[in-house]
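In the numbering used here, the protein residues as written are 38 to 730.
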């Protein structure tokens, strides 16, 4: 597996010159047949591609590569000639930057797959030239444009996003969502280049960063980046036209890049005093739980007497829990050691009859939770203007949903999509209160209510599920209580809002549509056991699954439809028609395939709404500003006096509607809007709130 992963990011598919065993011969690296036979079917299309390339290359002995010309650091008259060519030739202006810390090293430009120039940045005049080229109005072509454009705009004020026309990473995402999308991998598929990126390693970049390494070696590398990007785009573009929905998905994902950059650049204001208070609470909780755990360890003569038990150390946890405390281990890690992850420990908490074992596990989990809160949320370094920022990536997930990560122009911030919800742990509600609107503004959160459930109901056309979907849309009845009633055979009127049966009905409805197994369901429920007081075994999990599937027979029919479609066509389309290809073993990937259409439909539904709000002139007039995208919801702010106008307009713009293939009807997913003084203090938007404003 490690070798296969390395091949994905190394020279797989490249035509190479052998240096050792077959010196003087050509070779094309690919996957070993035994690796493919062990169930790694997703690599078979790549292996076929590699073997086809090897066969074609076998017809002549020499390594033949396209001649390419790189103009390195032109000056004087040569620079004028280069500038004119870059402004007039080619379909696109391919741009690639090399950047370290806050220092732009060079900018490469290409107007074809065989000619490029790189401008070394020595002075403000060099930056001005690059800016003139980038802002000339020429359609820009990039690989991972969010990074390059983001650096150029944040640090150098270049408005590159406005001229961006094509991103090869986005095109790769549309053409085969499951495969890598980095430039080196794509060049191995689309060009005859050698793996030029191997010539500059981490040690070299560390030297550049330290100022001890000259960047001369980077300049030809930069030219090859720009040329490779151009050639990849030339060959991807006809593939995008092989199906109208590929081109439509590409245009949609390209259209999202600039608005998502605007959200990232704006960020959201942080109440640092509140987060400091949460941190102090978490530190106190961790200290108290650590002391209690140490007492238990000392009582059983654990060999670290007088020292803290390290709850993140696998060896220490194995020794204490499975050795000194006598817990019977049942789960191993991939490395064949005994597992000590939280889900595993929660299962021991459920099954153990020993009070000391239970207490030890409880304190381990409490220490971990409190310290995770510190490291992941309260100890984050925010930008100097007091704002939390992250970068959104539209090409990372296989479900067409966005992912987010640290804001790379400053190296600060965090994945804001991972800020815990109030229900996730005892710190969640307070942490979200630490993200606030700007002075004079109000925070609001627009969520697609019950979105995935509504889509699944339409896909299955299961009568009872359709009934419950209507109840969800109208806000009538209690679907989770009805589910618990059916599974456990208890009249609905005897199930309270806080009863275990309703809780388990809710968990089953959230988990049961995508072929979840008993072990996974049990783990998902038991990992919250300390908070909820509800624990189940695999027998109960199996009973819940069988009850839920029996309650909705349309589910099994839908699963069979998905399996047939993937086996016969190797692809699925979501309700917007956007395509995902599946290359793996169908039996192994079927749960993922089943989840794809609902999850990707909701991801695109939300982002169509986000795009509509970002582009809307009326909202802009009212002072609307996007702040966050969190999976099925968007966060935003507006002047408090404009609340009624903004929220009504947002609700209208997010009412996208999507056609259901089986019925031809339009599904409009309800948008629930909450607003308030912070992310964690919103109230549902009603007429009463308008009057308050």
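Cβ coordinates follow ideal geometry from the N, Cα and C atoms, glycine included.
For residue i, tell me which candidate among the options has the shortest Cα-Cα distance.
i           : options               : result
residue 295 : 196, 274, 212 and 130 : 196
residue 96  : 62, 127, 477 and 385  : 62
residue 419 : 130, 699 and 444      : 444
residue 511 : 487, 558, 522 and 438 : 487
residue 669 : 622, 484 and 662      : 484
residue 88  : 74, 65 and 558        : 65
residue 711 : 581, 163, 146 and 687 : 687
residue 607 : 592, 593, 218 and 624 : 624
residue 140 : 127, 151, 157 and 125 : 157
residue 548 : 631, 466 and 190      : 631
residue 16  : 505, 364, 539 and 560 : No answer is possible for residue 16: it lies beyond the span of the chain, which begins at 38 and ends at 730.
residue 496 : 599, 406, 392 and 579 : 599
residue 130 : 142, 173 and 137      : 173
residue 334 : 393, 531, 281 and 659 : 393
residue 162 : 113, 121, 123 and 128 : 113
residue 229 : 638, 504, 316 and 150 : 150
residue 501 : 532, 546, 292 and 534 : 546
residue 310 : 470, 170, 110 and 604 : 470
residue 148 : 142, 170 and 138      : 170
residue 403 : 382, 387, 657 and 391 : 382
residue 260 : 152, 533, 91 and 660  : 152
residue 283 : 315, 208 and 331      : 208
residue 677 : 616, 478, 574 and 592 : 478
Look at residue i and residue j and say whether their C-beta atoms are less than 8 angstroms apart.
i           : j           : result
residue 268 : residue 227 : yes
residue 119 : residue 108 : yes
residue 636 : residue 489 : yes
residue 704 : residue 697 : yes
residue 204 : residue 224 : no
residue 145 : residue 263 : yes
residue 542 : residue 520 : yes
residue 407 : residue 323 : yes
residue 515 : residue 589 : no
residue 672 : residue 428 : no
residue 663 : residue 647 : yes
residue 476 : residue 552 : no
residue 327 : residue 345 : yes
residue 397 : residue 439 : no
residue 675 : residue 661 : yes
Using only the alpha-carbon positions, how far apart do residue i and residue j sit?
i           : j           : result
residue 348 : residue 610 : 45 angstroms
residue 384 : residue 231 : 51 angstroms
residue 400 : residue 354 : 12 angstroms
residue 239 : residue 220 : 17 angstroms
residue 48  : residue 68  : 11 angstroms
residue 707 : residue 460 : 22 angstroms
residue 266 : residue 105 : 13 angstroms
residue 557 : residue 372 : 21 angstroms
residue 289 : residue 564 : 38 angstroms
residue 287 : residue 437 : 12 angstroms
residue 416 : residue 342 : 29 angstroms
residue 651 : residue 493 : 28 angstroms
residue 700 : residue 201 : 39 angstroms
residue 555 : residue 522 : 20 angstroms
residue 538 : residue 281 : 47 angstroms
residue 387 : residue 536 : 19 angstroms
residue 369 : residue 375 : 4 angstroms
Mind checking which residues open and close the beta strand (DSSP E) that includes residue i?
i           : result
residue 673 : 670–676
residue 133 : 130–137
residue 709 : 708–713
residue 479 : 478–485
residue 667 : 662–667
residue 37  : Examination of residue 37 is not possible in this model, given that the chain is present from 38 through 730 alone.
Starting from residue i, follow the alpha helix (DSSP H) in both directions and report where the run begins and ends.
i           : result
residue 71  : 70–74
residue 684 : 680–690
residue 548 : 537–548
residue 412 : That residue, residue 412, is in no alpha helix (DSSP H); it is neither H nor E in DSSP.
residue 447 : Premise fails: residue 447 is in no alpha helix (DSSP H) and is neither H nor E.
residue 430 : No alpha helix (DSSP H) holds residue 430; the beta strand (DSSP E) holding it covers 427–430.
residue 272 : 255–277
Measure how close the beta-carbons of residue i and residue j come, nearest whole angstrom, since I'm counting them as under 8 angstroms.
i           : j           : result
residue 215 : residue 618 : 7 angstroms
residue 474 : residue 306 : 7 angstroms
residue 480 : residue 713 : 6 angstroms
residue 300 : residue 142 : Contact flag wrong, Cβ pair sits at about 28 angstroms.
residue 293 : residue 431 : 5 angstroms
residue 285 : residue 258 : About 35 angstroms separates the two Cβ atoms, so there is no contact after all.
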